[in-house]
Every structure is written in structure tokens, then in C-alpha cells.
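*Asks:* Protein chains in written order, with our numbering: chain B, 169 to 367; chain G, 169 to 367. Think of the CB as a built atom: it goes at the ideal place given N, C-alpha and C, for glycine as much as any other residue.
(1) Have a look at residue 303(G) and residue 313(G) and give me their C-alpha separation to the nearest angstrom.
(2) Note down, in chain order, each residue of its chain lying with its Cβ closer than 6 Å to the Cβ of residue 350(B), except the 5 sequence neighbours on either side.
(3) Using three-state DSSP, classify residue 248(G) as helix, strand or coil.
(4) Can you round the beta-carbon distance between residue 227(B) and residue 234(B) to whole angstroms, since I take them to be within the 8 Å contact cut?
(5) Based on the DSSP output, what are the partners of residue 225(G) in its beta bridges?
(6) In this structure, does DSSP put residue 351(B) in helix, strand or coil?
(7) Using beta carbons (cut-off 8 Å, strictly below), is residue 234(B) in contact with chain G?
(8) In chain B, which residues lie less than 7 Å from residue 193(G) when you measure between Cβ atoms?
(9) Residue 254(B) bridges to which residues according to DSSP?
(10) Residue 310(B) and residue 253(B) - do their beta-carbons sit closer together than 8 Å?
(11) Can you look up residue 169(B) in the DSSP assignment and give me helix, strand or coil?
(12) Our contact map puts residue 291(B) next to residue 334(B) with C-beta atoms below 8 Å; I'd like the distance itself, whole angstroms only.
(13) In chain B, which residues lie less than 8 Å from residue 220(G) when you measure between Cβ atoms?
(14) Could you name the residues of the same chain whose beta carbon sits closer than 8 Å to that of residue 263(B), not counting the 5 residues immediately before and after it, in chain order?
(15) Quick check: what's the CA-CA separation for residue 352(G) versus residue 358(B)?
(16) Report the rounded CA-to-CA distance for residue 258(G) versus residue 230(G), giving the unit in angstroms.
(17) Classify residue 196(G): buried if its beta carbon has 16 or more other beta carbons within 10 angstroms, exposed otherwise.
(18) Does the stretch 191-206 of chain B come within contact of the stretch 178-191 of chain G, defined as at least 3 CB pairs closer than 8 Å?
(19) So with CB distances below 9 Å, who are the chain B contacts of residue 196(G)?
(20) For residue 212(G), which residues in chain B fall below 7 Å Cβ to Cβ?
(21) Residue 260(B): buried (16+ other C-beta within 10 angstroms of its C-beta) or exposed?
(22) I'd like to know whether the C-beta of residue 176(B) is nearer than 8 Å to at least one C-beta of chain G.
(23) Does the distance from the CB of residue 198(G) to the CB of residue 216(G) come in under 8 Å?
(24) So residue 337(G) is in the beta strand (DSSP E); what residue range does that whole segment cover?
(25) If we ignore side chains and look at the alpha-carbon of each, how far apart do residue 296(B) and residue 225(G) end up?
(26) At a CB-CB cut-off below 7 Å, which residues of chain B make contact with residue 434(G)?
(27) Identify which residue in 300(G), 246(G), 248(G) and 232(G) has its Cα closest to the Cα of residue 275(G).
(28) Determine the chain G residues that contact residue 179(B) at a beta-carbon separation under 7 Å, and present them in chain order.
(29) Within its chain, find whatever has a CB closer than 8 Å to the CB of residue 242(B); leave out the 5 residues flanking it on each side and keep chain order.
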């Protein structure tokens, strides 16, 4: 980037390296930053530093939190007999937005993927198994992504859990609500037919 | 955003407020930040603070720079008889990428827009006029955006400059190179016909 102001060029480059940000967006962000006042800049950089310093994994469910136990694990009103196993924090947020699920979570922080050299020890499987010594737990809902890696992870974990006598379930497959059947792929449609229920 | 980790919620919100960043992108950026190591975070925040502190307007052309005079105004090889008047720094970058223009610039930092309460005194028009006392200057190229505001600004400035006996030109209008005529709007096509040249 030919530009007189090296700090500006570095700023644009900084944003360009972020995921999903192209050259034009990086320029837009850089000029947005330059137009902020001193207090806004301080808030911007402090929020980043602060989040980075304070956020770590919940000692129970491995979700991200700034205290020892996350707000879900600390909430005594939640049903602690059910654990929903997800790949990452964004999935927890997605389930929480439904306001329907009242159990606990376990965040794997990834999925088993031999292609990317990610084995069971690289995600929080052991931690999950150690939680199962609690007699309260009646059901584990496998809610990993419906991808090859997510499926493999769900299968792997369910095989570890079943011998313990705990019920293991999987999210229902089917056509997404509001979607157009015309655009549904064959596998999804097949699963939707297989999983059909009486009305 | 229901989330245990207030610093994380604040971080996502911070990115959501940036231009062109939606909720999903903000989440993606926030988790990208959390996955950085301490050195990367320091570089990230330092680059932002540094750019914000050091960048100001060039005392000659009002482009953004971190020294008194920007690298274009300081370059003695540039043709100082021509000034290309643009709305903002991004336009300077766009012209510089062509590697064709060798004159100087003047950055208005906006365009006259009565709708948005932006008058001639809110952009660097006076500063531009003060530069014209230099006898070297032979031509002013108006390169404001081809929008209503850009046009009005170009007209306003050209009326101020013409009495000084300096040539004022405007960028050529026409169909963009590589574009499909089918999608060109009527005004552009009309201008392209009006501006046709012999081959």
C-alpha cells in the first residue's frame, strides 16, 4: 500500500489480517478508527486488552468466562441432569438465544479432525468424561456440528459415554424451519424423511 | 447478548459498532482476538493507538500523514504545476495505485452537502485557494466523486478558481473499463456518448 503515513498503512494491514476483512473493509475500518476521539480509542483498545486478559475457560464446562465458573454453571435454577455438548462458545450462544434449553453445556473447543491433526486429546473430551462421575447426570445431548468432523466427534464421545449407563442423544436432523425444500440437499431431505413424525 | 463473560460481550459489541460489521462477523473477530497471544494483542492495540496519535493532516495538501509534509508533497520529482482535488485519502490511494498521475493532490475531507449541513467551510476549500497563490500552478483537476455532492463541490470550487486564470478540468465520465454495458445506468451511458472520441 503506497502511502505516506506508515502508521496508517500498518493500521490498514492490521485489519486486513482479520478474518473476513478485505482490503476495502480494512480501509473503511482504519479511517473509522482515525475519526474516533481519544476517549473512544482508549475504550476500544482497553476493551480488547481487558477481554484478552480476563477471559478463560470455565472450570466446569470449559465455556469462556471471566470468573471461575461461568454464569450457566453457577445458575442453580438450571437443570444439572442434562449436558449439551457443543463445539464452541458460539454454539452455546446460539442455544441460549432459543431460551428453550435449561440444562448445562460442555464446550469441546473444536472437533476431532484427523485431517487437521486434531485428536480427542486436543479437545476437552477428558474433561467431559470426568464430569460424568456426578450421579445427577442423566442425559448427554450431542450437539456438535452436522459436519463430518462433528459427526465423528459425536460418535467417538457417545461410545465413551454409553458404557457408563448415561443416555446419549443427538440433535434432530431435518429441513431448517423457513427454508425452501427446493434448495435442501439430498442428505438433509433423506434425514428429514427418516425422522418424520406423526401430526 | 446473553453471555457469562461481560468482557466478551463488550468485545463483540465493540466490533458490532464498527462500520460494515454485523453480529456474526463481530463474533468471529472477537474469538479471533481471544485466540491471539499476548504479543499479538499488544501489537494490535499499539498499532491502533499509534496510528491514532501520529496521523494528522499534511500542512500542504491536507492528506493524512505522520510528518509535517506528506510523502507526495515532499517528493521533488512530482509535477507541482497540477493539483488533483479529491474528497478523501482513499481517493489519493486509488489514484496512486494507477501509477499514472504524477502531480500533487488536495484532500477536501468531504464534499459540500447542504442536506448533511456540510458547507464550504467544513471542508478544506480555503486551504486549497491559499495554495493557488503559487505561480507554478497551471491546472486543477477536479476529481470529487461523481455524485450530487461531489458535482456540486466541483462546480463551487471551479467557480472560485476560474477568475484566478488557472485551468480547471474534471475527470472524464463514461462507462467503466471491463464493465457490462447492459448494467450501465442511463446517465453514465449518456455521458459516455457525449464524451465519445474518434478512434
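*Replies:* Working from what's here:
(1) One-based indexing of the second chain puts residue 303(G) at position 135. One-based indexing of the second chain puts residue 313(G) at position 145. Whole-angstrom Cα-Cα distance: 28 Å.
(2) By 1-based counting over the first chain, the position of residue 350(B) is 182. Only residues of its own chain outside the window of five on either side were considered, and among them none has a CB closer than 6 Å to the CB of residue 350(B).
(3) For this step, residue 248(G) is matched to residue 80 along the second chain. Residue 248(G) falls in the strand class under three-state DSSP.
(4) Translated into the one-based positions of the first chain, residue 227(B) becomes position 59. Translated into the one-based positions of the first chain, residue 234(B) becomes position 66. Their Cβ separation, rounded to whole angstroms, is 13 Å, which puts residue 227(B) and residue 234(B) out of contact at 8 Å.
(5) Counted from its first residue, the second chain places residue 225(G) at position 57. Beta-bridge pairing by DSSP links residue 225(G) to 232(G).
(6) As a working note, residue 351(B) is residue 183 in the first chain. Looking at residue 351(B) - three-state DSSP - the assignment turns out to be helix.
(7) Numbered from its first residue, the first chain carries residue 234(B) at position 66. Contacts with chain G at 8 Å (Cβ-Cβ) include residue 234(B).
(8) As a working mapping, residue 193(G) is identified with position 25 in the second chain. Those are 188, listed as they occur along chain B.
(9) Sequence index remark: in the first chain, residue 254(B) carries index 86 (1-based). Note: residue 254(B) sits in a beta bridge opposite 275(B).
(10) Residue mapping note: residue 253(B) aligns to position 85 of the first chain, counting from 1. Residue mapping note: residue 310(B) aligns to position 142 of the first chain, counting from 1. Yes, the Cβ-Cβ distance between residue 253(B) and residue 310(B) is below 8 Å.
(11) Along the first chain, one-based indexing puts residue 169(B) at 1. Because residue 169(B) carries a pLDDT of 40, less than 50, the predicted location of this residue cannot be relied on, and the following value inherits that uncertainty. Taken through DSSP and simplified to helix, strand or coil, residue 169(B) comes out as coil.
(12) For the purposes of this step, residue 291(B) is taken as residue 123 along the first chain, with counting starting at 1. For the purposes of this step, residue 334(B) is taken as residue 166 along the first chain, with counting starting at 1. Contact flag wrong, Cβ pair sits at about 19 Å.
(13) Reading the second chain from its first residue, position 52 is the one you call residue 220(G). Those are 201, 202, 204, 206 and 209, listed as they occur along chain B.
(14) Position 95 of the first chain, counted from the first residue, corresponds to residue 263(B). Around residue 263(B): 252, 254, 269, 273 and 311.
(15) Residue 352(G) sits at position 184 when you count from the first residue of the second chain. Residue 358(B) sits at position 190 when you count from the first residue of the first chain. Roughly 45 Å between the two C-alpha positions.
(16) The residue labelled residue 258(G) in the question sits at position 90 within the second chain. The residue labelled residue 230(G) in the question sits at position 62 within the second chain. Approximately 13 Å, taken between the alpha carbons.
(17) The count along the second chain starts at 1 and reaches residue 196(G) at position 28. The residue in question, residue 196(G), is buried, as its Cβ has 16 or more Cβ neighbours within 10 Å.
(18) They touch, by the three-pair rule.
(19) What you label residue 196(G) is simply residue 28 of the second chain in a count that begins at 1. Here the neighbours are 186, 187, 188 and 258.
(20) Along the second chain, one-based indexing puts residue 212(G) at 44. Within 7 Å Cβ-Cβ: 182 and 216.
(21) As a working note, residue 260(B) is residue 92 in the first chain. Per the 10 Å Cβ criterion, buried.
(22) Taking the first chain and counting its residues from 1, one reaches residue 176(B) at position 8. For residue 176(B), a Cβ of chain G is located within less than 8 Å of the residue's own Cβ.
(23) For this step, residue 198(G) is matched to residue 30 along the second chain. For this step, residue 216(G) is matched to residue 48 along the second chain. Taking the C-beta atoms as reference points, residue 216(G) is found no nearer than 8 Å to residue 198(G).
(24) For the purposes of this step, residue 337(G) is taken as residue 169 along the second chain, with counting starting at 1. 335-338 is the extent of the beta strand (DSSP E) around residue 337(G).
(25) Stepping through the first chain from its first residue, residue 296(B) is reached at position 128. Stepping through the second chain from its first residue, residue 225(G) is reached at position 57. Between residue 296(B) and residue 225(G), the C-alpha separation is close to 56 Å.
(26) For chain G, the structure presents residues 169 to 367; residue 434(G) sits outside this window and is missing.
(27) As a working mapping, residue 275(G) is identified with position 107 in the second chain. Checking every option, the nearest Cα to that of residue 275(G) belongs to 232(G).
(28) Numbered from 1 along the first chain, position 11 holds the residue referred to as residue 179(B). Within chain G, the residues near residue 179(B) are 215, 216 and 219.
(29) Taking the first residue of the first chain as position 1, residue 242(B) is located at position 74. 235.
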